[in-house]
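Residue numbers (our numbering): 4 to 78. Just so it is clear, CB atoms sit at the ideal spot from N, CA and C, and this is done for glycine as well. On a predicted model such as this, the values are computed, not experimentally measured, just so you know.
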Ligand SMILES: [Cu+2]
């Protein structure tokens, strides 16, 4: 898994983050994260205002299953 300093989002297009693909990774969070908890995460953009999204802490195994189901649905 390589680390990127930035992700390009072309105008009018979108970028999808998903386990096993492009993803955000909190290596050393400032606070302890608890399963099931929700918190706000602010994304910064070079040419747009910051965007705050609500994220939920989920079990990695549940996430892997959801990703598999998702891939099945799109193929
Ligand atoms: Cu990662």
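Can you give the beta carbon distance from residue i to residue j, rounded, assuming they're within the 8 angstroms contact cut?
{"i": "residue 38", "j": "residue 60", "result": "5 angstroms"}
{"i": "residue 25", "j": "residue 36", "result": "Their Cβ separation, rounded to whole angstroms, is 21 angstroms, which puts residue 25 and residue 36 out of contact at 8 angstroms."}
{"i": "residue 66", "j": "residue 22", "result": "5 angstroms"}
{"i": "residue 56", "j": "residue 42", "result": "That belief does not hold up - the Cβ atoms of residue 56 and residue 42 are roughly 10 angstroms apart, past 8 angstroms."}
Which stretch, first to last residue, makes up the beta strand (DSSP E) that contains residue i?
{"i": "residue 37", "result": "Per DSSP, residue 37 belongs to no beta strand (DSSP E) and is neither H nor E."}
{"i": "residue 61", "result": "Note, residue 61: premise wrong, no beta strand (DSSP E); not H, not E."}
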